[in-house]
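Worksheet: the structure to be examined is printed underneath.
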Amino acid sequence: MIVLVYVGIMGFSIAFALGMAGLPSVIMAEIFPINIKGSAGSLVILLHNCGNWIVTCTFHFMMEWSRTGIAFVAFLAPETKGRTLEEIQASITKLSGR
């Protein structure tokens with residue numbers, strides 16, 4: 003099981019590195035004029051790394067909220083497949099006790 007987790011993390015890292023990770027550098031090279039390219043490039047990379055830091059710091063918090071959302075959908079959200087709007091509203095009203 004640990005090998006599967008490792009392979010998944012490495013697969014994501016490789017896919018991100020080949021795709022979205024280099025995007026700020028490519029766009030930066032295309033849109034800035036040569037006289038500000040160095041300063042603007044430094045600012046772009048700084049902002050990109052700050053964004054990465056924020057994502058890293060908030061990851062566990064977001065995972066906790068994700069668990070809460072999954073529990074809400076699994077236990078409280080009504081099934082809507084093959085039901086009319088009136089049936090769905092009736093089941094929600096029954097759950098809320100009105």
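The sequence shown maps to residues 3 to 100 in the working numbering.
Using N, Cα and C, we set each Cβ at its ideal position, and we do this for glycine too.
Which of the three DSSP states, helix, strand or coil, is assigned to ASN51? For the purposes of this step, residue 51 is taken as residue 49 along the sequence shown, with counting starting at 1. Here ASN51 sits in helix by DSSP.
SER41 versus PHE34: straight-line alpha-carbon distance, rounded: Residue mapping note: residue 41 aligns to position 39 of the sequence shown, counting from 1. Residue mapping note: residue 34 aligns to position 32 of the sequence shown, counting from 1. Straight-line Cα distance between these residues: approximately 10 Å.
Of the residues ALA79, GLY71, GLY84, the one placed nearest THR95, counting alpha carbons only: In the sequence shown, the residue the question calls residue 95 occupies position 93. Closest by alpha carbon: ALA79.
For the structure I just gave you, are there three or more beta carbon pairs, one from the region 16-33 and one from the region 45-57, closer than 8 Å? yes
Roughly how many whole angstroms lie between the Cα atoms of ASN37 and ILE4? As a working note, residue 37 is residue 35 in the sequence shown. As a working note, residue 4 is residue 2 in the sequence shown. In a straight line, the C-alpha of ASN37 is about 50 Å away from that of ILE4.
Out of curiosity, what's the CA-to-CA distance linking TRP67 and LEU20? For this step, residue 67 is matched to residue 65 along the sequence shown. For this step, residue 20 is matched to residue 18 along the sequence shown. Cα to Cα, the separation comes out at about 29 Å.
Would you please state the rounded distance, in angstroms, between the beta carbons of MET30 and GLY43? I believe it to be under 8 Å. One-based indexing of the sequence shown puts residue 30 at position 28. One-based indexing of the sequence shown puts residue 43 at position 41. Rounded, the Cβ-Cβ distance is 5 Å, consistent with contact.
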